[in-house]
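Letter by letter, the sequence shown follows residues -26 to -1, 1 to 159 in mature numbering (1 follows the signal peptide of the UniProt record, and there is no 0). We treat Cβ as the ideally placed atom computed from N, Cα and C, and that holds for glycine. All values reported here derive from a predicted model rather than from experimental measurement.
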Amino acid sequence: MVKQQRKIHKTSALITALMFAAILCAGCGSQHKPDGTSSNNAFELKYGSCDMPSGWVKDKDDSTSDKPFFVPKGYDGNGVPDNISIEYGRNRYSKEQSQEFGNSILQQLGMQTRGQTVGQITASGTTTKHGDTMLVYKFSLSDRTCTQYYIVGDRSYVMVYETNFDGSSDCDEAAKQIADTFKWK
């Protein structure tokens, strides 16, 4: 029992340290924006907008008005494609409480993926093109890599969720572009 408590304490300390580092680093990353990657194709949502990357289309079968899904252009409906979804949510945290919000996300991800992840969940922080705090979580499961981008609002957030099955850098770049260009209404 004591051994298990030590392990839990060590895991909690690691998670807290990672989140603290992620929040401290928010905005410290490179502010360079890739040239020529934007399609200038704005995608409008109820709560904001973002640039839709070239080569990606809305998947009519899986999208809802509240949660659009995007797949590579040319996906024929067979198999499981790399995909990106955008989702709005509410929470109890103000914009100024992004560290607490980030800690709660990391704790929840740890519980949801317990025993399923290959390696650890990595957490980092940056800002979007429009200056909003963005928390980024990346983890691998046996058949895919998932990256969640949380754009922090006031008692709300937008999550851009990338599911990358084939390790495609195109999928990584598209999700990052969607998250980085998100602008609140």
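For the pair ALA153 and VAL134, the CB atoms are nearer than the 7 Å cut-off.
Beta-bridge partners assigned by DSSP to PRO46: TRP30.
Taken through DSSP and simplified to helix, strand or coil, ASN57 comes out as strand. The region 49 to 57 makes contact with the region 138 to 150: 3 or more CB pairs, one atom from each, lie closer than 8 Å. Secondary structure note for ILE95: it is in no beta strand (DSSP E), with a DSSP letter that is neither H nor E. In the three-state reduction of the DSSP assignment, SER143 falls in the helix class.
Between GLY22 and the set SER28, HIS104, LYS69 and VAL31, the nearest pair of CA atoms involves HIS104. Going by beta carbons, THR121 and LYS112 fall inside the 7 Å limit.
For MET26, the closest C-alpha among the options LEU115, SER78, SER39 and ILE60 is that of ILE60.
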